Structures are given as structure tokens and as C-alpha cells.
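The UniProt record's numbering puts the first residue of the sequence shown at 1, with every later residue one more than the last. Structure first, then comments.
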Amino acid sequence: MASTDKSPEPSSAKGPEPTPGKAMGVGQHMIDKGAMMIQSLEPIKQISHHACSFAIYSHDMSRQIETHHYCSRLHQNLIQCAVYDSDESDARLFGLLFFTLILFQLSQNLIYDFAVTCNL
């Protein structure tokens, strides 16, 4: 990923424009309904946490966007999140995060360091 000192062009995560492309037709809706009947979507069903936060653009601190994290715990110290621009049915996926909770042991006492490591 390249870095630059130039400010990015203004854009919004969820602008007034609809998602590009044609609207789904009746045939596509039928295919989707059929797929829903035979697919289990088990990974999606594992999502157990929802967190809402705000992200600030690094080049323009006055701009912020609302982010919705839908997370599932993969094991004791690893959480996986899908990040969307809203919590509505037409939300757009714009990121994936993996949070690692680091465990330290000091003098037989377990202390969790809640410093979170993010991998984009």
C-alpha cells in the first residue's frame, strides 16, 4: 500500500448514490431464495457481537464515518470482524479486522493486556 502526503479526494463510505449496477430482477431474487434454502451459512451464524464506532480519516481529522463491526471469536485470543458502513440491510462491507488479545503471565497472576493488535 502506497503512502502519500496528498489529501485523498472527498468520498463517503455511504453516499447518497445507490450502489452501482442494475437492480436485481425477479429471476435473480428466485435464485437467491433457492440458494438460501440449501446453504447453511454457518460462518455467518457464528457472529455473536456487534460494535458501533467512528473512524477518522488520517488526512482530514474533521471527517469521520460510522462503522459497524460484526464479530465472532475464533479462539480464546482471536476475534474476527466484518466491518460495514451501517447496520441496515443495504450496508456495504468495507473491511475485515482480526483482533488479537495478548495474554501476559506475571507472578502466577493472569493479566490481560487489552492492547489490541489490528490486521487490515
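By construction, the Cβ of each residue, glycine as well, lies at the ideal position given by its N, Cα and C atoms. For clarity, every value in this text was computed on a predicted model and none was experimentally measured.
If distances are taken between C-alpha atoms only, which option among LYS22, LEU101 and SER72 comes closest to HIS49? Here residue 49 refers to the residue found at position 49 of the sequence shown. For the options LYS22, LEU101 and SER72, the alpha carbon positioned closest to that of HIS49 is the one of SER72.
Using three-state DSSP, classify GLU42 as helix, strand or coil. Start at 1 with the first residue of the sequence shown, and residue 42 comes out as number 42. The answer is helix: DSSP assigns GLU42 an H, G or I state.
Please state the DSSP three-state secondary structure of ALA82. Stepping through the sequence shown from its first residue, residue 82 is reached at position 82. Strand.
Residue closest to CYS52, alpha-carbon to alpha-carbon, out of THR100, PRO20 and GLU88: Taking the sequence shown and counting its residues from 1, the one referred to as residue 52 is at position 52. When each option's Cα is compared against that of CYS52, the closest is GLU88.
Find out if the Cβ-Cβ distance for the pair PHE99, CYS81 is shorter than 9 Å. What you label residue 99 is simply residue 99 of the sequence shown in a count that begins at 1. What you label residue 81 is simply residue 81 of the sequence shown in a count that begins at 1. Cβ atoms of PHE99 and CYS81: closer than 9 Å.
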